[in-house]
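Numbering (the working numbering), first residue to last: 60 to 751.
Shown next as structure tokens:
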């Protein structure tokens with residue numbers, strides 16, 4: 060009864076009967092609804108998709124479990140039993156773990172940025188498109204300039220008019236590009252704020268660990284969620300619920316793509332969730348979820364039987380160092396989230412508004428949640444292009460396949476051979492560490508202890524058979540194959556460097572040959588980083604670019620800031636720009652020195668151009684460039700004030716010269732401040748000193 064009471068607010072014990080009746084009505088209503096033919100068909104459709112994807116992933120799941128154990132430096136149970144049956148060492152070399160750590164560290168440094176610059180950039184298209192109101196404003200401005208030019212009365216022939224029109228066209232294109240650049244910069248600031256608040260860096264860091272460990276890594280977002288945040292209301296900080304876009308790493312073990320798919324948008328996709336009671340309760344009242352269905356699931360929660368238990372759950376728990384029964388508990392239930400195209404009539408019957416379904420006989424991209432045989436959510440995909448909020452890529456992509464290869468997969472064979480040679484080496488070293496003893500027990504007394512040996516021990520022996528010439532005790536030294544086994548182990552460890560593309564010197568180990576000098580080592584590292592740059596390009600193309608494009612379009616649709624509305628199309632250079640950021644910084648500094656050291660370059664670039672260079676260099680110093688270099692508006696104001704001052708001085712000079720011309724040579728000119736410049740007075744100081 061406590062479980063039922065927890066589902067509804069209880070004021071007193073007298074209401075207990077009413078709660079039971081209400082619970083009974085909810086169950087009966089949900090049973091009736093879920094029992095309808097079309098709802099049953101919808102649940103059956105999800106079940107069929109789940110069975111199809113689950114069976115197709117069996118071999119991949121086995122590989123994933125093995126990858127996880129190799130990352131932890133452990134043998135699987137079958138292999139460990141075989142090793143122990145033969146006796147000897149069960150050593151496991153950490154070659155895989157070292158390569159994974161090195162690859163993850165390099166990728167984090169590249170993909171997460173330095174904290175000063177962004178690991179991505181937005182650019183407007185070569186021919187940016189702006190909203191109609193902005194374009195109309197620019198056209199009106201050009202028309203006014205053209206009207207002023209024509210009304211000035213200056214005679215202009217057709218060629219001059221055409222030349223002036225070309226200049227105005229070039230001016231309009233320049234202003235259009237400046238407007239587009241300003242809007243992209245504002246959008247970039249907005250996106251960076253959303254990524255920071257939505258946990259993008261944490262999700263990407265976890266994604267990198269999956270990328271080097273599993274055949275494919277999966278990232279999810281942006282997912283809108285209501286979160287409680289502390290905000291100011293008047294003079295007090297109060298908890299307030301607000302909608303926030305979030306990103307999260309998705310466990311590859313819990314992702315089930317269509318058997319024929321090569322990416323997340325090619326066919327259906329299933330994510331398996333493990334939900335607690337609190338997770339289900341939080342869904343009540345959320346748009347798109349069926350409250351009665353969720354309450355029915357909650358009422359059956361404690362009885363169990365709502366789990367999709369798979370053998371991989373036990374294997375995953377053991378590989379993660381957890382209890383094998385960690386996931387088989389009544390505290391967790393499984394929910395299947397299907398992203399697929401479903402017939403419109405099934406969605407209408409479930410409760411999707413008819414106005415959203417144009418033709419009930421067509422299929423529509425949608426999202427369906429199923430717990431056991433109960434559909435708790437069925438809504439259309441909120442993305443206008445029908446894209447799923449998932450991004451997946453591999454360390455090494457296999458063309459046409461959803462699952463690729465990780466670092467663990469690439470060094471699998473070298474790891475096995477290194478382990479075999481290490482076990483043989485340990486066993487051989489143990490056997491060859493001392494002499495082997497042969498004892499003729501027929502010549503020893505019955506009470507002689509042959510298991511203990513120590514210096515100066517006296518062995519008693521007799522001759523039972525005088526025809527046996529062998530000594531009672533003999534020693535022989537087994538051969539040591541340590542050098543040969545070490546050579547084999549080092550050979551396959553070196554092959555792991557080649558197979559993974561991560562040589563030892565990238566982790567700080569000493570290297571001979573060309574690596575003995577700083578320039579030679581730099582060349583080796585740059586050459587070795589080419590394979591990792593290919594991995595970065597995979598993440599850039601499959602994860603960062605589509606994520607930025609999706610978030611950019613989301614902001615264009617829902618942002619209330621008109622200054623960010625611009626070209627819908629986006630060009631994102633992504634993380635590959637970080638690979639050359641150091642070289643770019645050096646070139647930028649060299650160019651700045653040229654500008655500051657050459658008067659001609661200063662005249663060409665001007666103060667605004669030099670300020671832009673200084674602002675970019677200041678940003679790389681982890682300081683606020685706005686506190687060092689004035690903004691563009693401030694610089695324009697300063698230039699305008701200087702122009703006004705120069706104009707005022709020129710006017711004063713012209714007035715002074717005109718006054719001299721009108722007054723003649725004998726008149727005393729007047730200084731612009733009103734004082735007389737001619738004659739001698741008490742305040743006059745001769746510029747020539749008195750030599751007497």
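For each residue, glycine too, the CB sits at the ideal point set by N, CA and C.
Query	Result
Which stretch, first to last residue, makes up the beta strand (DSSP E) that contains residue 285?	276–292
Compare the C-alpha of residue 688 against each of 714, 667, 396 and 720 and name the closest.	667
Taking the alpha-carbon positions, what's the residue 411 to residue 281 distance?	23 angstroms
Distance, Cα to Cα, residue 335 vs residue 483?	48 angstroms
What do you get for residue 504, buried or exposed, if any count of 16 or more other CB atoms within 10 angstroms of its CB means buried?	exposed
Is residue 278 closer than 8 angstroms to residue 301 when the C-beta atoms are compared?	no
So, under 8 angstroms CB-CB, residue 453 and residue 463 are touching, yes? Tell me the CB distance rounded to an integer number of Å.	3 angstroms
Look at residue 478 and residue 544 and say whether their C-beta atoms are less than 8 angstroms apart.	no
Out of 677, 663 and 599, which has the shortest C-alpha to C-alpha gap to residue 647?	677
Between the beta-carbon of residue 424 and the beta-carbon of residue 406, is there less than 8 angstroms?	no
When DSSP builds the beta bridges, which residues end up paired with residue 505?	Answer by DSSP bridge pairing: none, since residue 505 is not bridged.
On a CA-only basis, which of 719, 430 and 614 is nearest residue 250? Give me that one, please.	614
In the DSSP assignment, the alpha helix (DSSP H) including residue 160 goes from what residue to what residue?	154–170
Assign residue 399 to one of three DSSP states: helix, strand, or coil.	strand
Whole angstroms are fine: how far does the CA of residue 471 sit from the CA of residue 138?	14 angstroms
Quick one: what's got a C-beta closer than 6 angstroms to residue 480's C-beta in the same chain, skipping five residues either side?	544, 547 and 548
Could you check the C-alpha separation between residue 573 and residue 448 for me, to the nearest Å?	Here residue 573 scores only 45 on pLDDT, less than 50, and its place in the model should not be relied on; the value that follows carries that caveat. If I take the Cα positions, the gap works out to 47 angstroms.
Where residue 151 and residue 328 are concerned, what is the direct C-alpha to C-alpha distance, given to the nearest angstrom?	37 angstroms
Tell me the start and end of each unbroken alpha helix (DSSP H) in the stretch 458–532 that is at least 4 residues and wholly inside, in chain order.	466–469 and 471–491
Report back the beta-carbon spacing between residue 134 and residue 149 to the nearest angstrom; my notes put them in contact at under 8 angstroms.	7 angstroms
Assuming residue 605 is part of the alpha helix (DSSP H), what are its boundary residues?	604–617
Could you check which residue in 245, 691, 699 and 460 has the C-alpha nearest to that of residue 183?	245
Since residue 333 sits in a beta bridge, which residues does DSSP pair it with?	393
Between the Cα of residue 309 and those of 330, 297 and 469, spot the shortest distance and give me the residue it belongs to.	330
Looking at residue 273: is its Cβ nearer than 8 angstroms to the Cβ of residue 465?	yes
From the DSSP output, read off the bridge partner residues of residue 300.	287
Between residue 618 and residue 712, what straight-line distance do the alpha-carbon atoms span, to the nearest angstrom?	54 angstroms
Which residue wins for smallest C-alpha separation from residue 198, given the options 332, 207, 227 and 170?	227
Using only the alpha-carbon positions, how far apart do residue 493 and residue 536 sit?	7 angstroms
Residue 743 by DSSP, collapsed to three states: which one?	Unreliable positioning characterises residue 743 in this predicted model, as indicated by a pLDDT of 41, which lies under 50. A coordinate reading is not provided.
What residue does the alpha helix (DSSP H) around residue 559 start on, and which one ends it?	541–559
Excluding the 5 residues preceding and the 5 following residue 555 in the sequence, name in chain order all residues of the same chain whose CB lies nearer than 6 angstroms to its CB.	154, 470 and 473
Whole angstroms is fine: what's the gap from residue 655's alpha carbon to residue 716's?	37 angstroms
With DSSP collapsed to three states, give me the class of residue 36.	Since the first residue shown for the chain is 60 and the last is 751, residue 36 is missing from the structure and cannot be characterised.
Are there 16 or more other CB atoms within 10 angstroms of the CB of residue 551, so buried, or fewer, so exposed?	buried
Spell out a yes or no on whether the stretch 424–435 and the stretch 104–118 are touching, meaning 3 or more CB-CB pairs, one atom from each, closer than 8 angstroms.	yes
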